[in-house]
Amino acid sequence: MSLEEALVGPVEEVAPRLLGALLSHGGVALRVTEVEAYAGPTDPGSHAYRGPTPRNQVMFGPPAHLYCYFTYGMHVCANVVCGPEGTPSAVLLRAGQVVAGVDDARMRRDGAADRDLARGPARLCSALGLTLAHNGASLTTGEVRLTLADVAAGAVATGPRVGLRGAPERPWRFWLAGDPTVSAYRPAKRLSRPAKG
DNA sequence: CTACCGATATTCT
DNA sequence: GAATATCGGTAGA
8 MSLEEALVGP VEEVAPRLLG ALLSHGGVAL RVTEVEAYAG PTDPGSHAYR GPTPRNQVMF
68 GPPAHLYCYF TYGMHVCANV VCGPEGTPSA VLLRAGQVVA GVDDARMRRD GAADRDLARG
128 PARLCSALGL TLAHNGASLT TGEVRLTLAD VAAGAVATGP RVGLRGAPER PWRFWLAGDP
188 TVSAYRPAKR LSRPAKG
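This is how it looks when you write it as structure tokens:
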């Protein structure tokens with residue numbers, strides 16, 4: 008089965024298929040250990056919930072491409088666009104275990120501990136060297152590659168997505184149970200404080 | 001381990 | 001102006 012075929016379907020079914028997959032770029036390869044699913048118009052947590060914008064247009068394109076976006080003023084996060092084309096759904100790559108190019112990853116991550124190299128979506132991009140320049144990049148024909156792998160059915164755990172306050176009840180976060188590279192729990196950001204003076 | 005806080009661009013109101 | 005798919009540093013249990 009081709010990668011494109013594996014990525015077409017309900018995003019909450021596609022997302023766990025990415026666990027265990029190998030993602031490589033810039034001399035670093037990692038095994039995906041944690042993902043989150045984001046659907047289109049029906050999912051308030053998705054960037055595509057309110058329709059296309061310059062930022063999310065890649066989500067509306069063909070599957071097996073990267074959707075990279077800039078967030079919180081300083082971080083890049085990467086998603087795998089899922090199909091079919093025209094249906095905006097994507098899977099956020101939240102964490103991975105570096106399995107090749109560990110020295111390169113450590114350099115990019117300023118000497119972080121091995122298990123922290125890609126423990127979080129922005130850290131994962133940093134470890135791999137992914138930037139906004141990779142937004143829309145193919146995962147089958149370019150320098151960023153994704154190869155699926157089978158994982159035992161019982162190894163997958165699910166729970167609520169991280170960092171969302173709008174759609175907390177969809178348990179669309181998937182990770183490999185017990186893996187030390189899965190990102191730590193963080194509560195949704197507190198309510199805003201008054202403007203500073 | 002949990003919790004709080006600041007930095008800071010893009011998007012929406 | 002306010003919210004946001006975050007992270008690193010610091011504080012406390």
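The working numbering puts the first residue of the first sequence at 8, with every later residue one more than the last.
Note that the Cβ used here is the ideal one computed from N, Cα and C, for glycine as well.
Quantities reported herein were computed from a predicted structural model and do not represent experimental measurements.
Around the beta carbon of T40, 16 or more other beta carbons sit within 10 angstroms, so the residue counts as buried. Here R24 is buried. Its C-beta has 16 or more other C-beta atoms within 10 Å. Check the Cα spacing between L155 and each of V35, A44, A22: the tightest is with A22. Residue burial is scored here from C-beta neighbours: D50 has at least 16 other C-beta atoms within 10 angstroms and is therefore classed as buried.
Put simply, the segment 114-123 does not touch the segment 73-83. Fewer than three CB pairs are less than 8 angstroms apart. In this structure, DSSP gives L139 a helical state, which the three-state scheme calls helix. Counting of Cβ neighbours within 10 angstroms places D186 among the buried residues, the total reaching 16 or more. Excluding sequence positions up to five before and after G166, its CB lies within less than 6 angstroms of the CB of P178, R180, all in the same chain and listed in chain order. Taking the CA atoms as reference points, L26 sits about 23 angstroms from P194.
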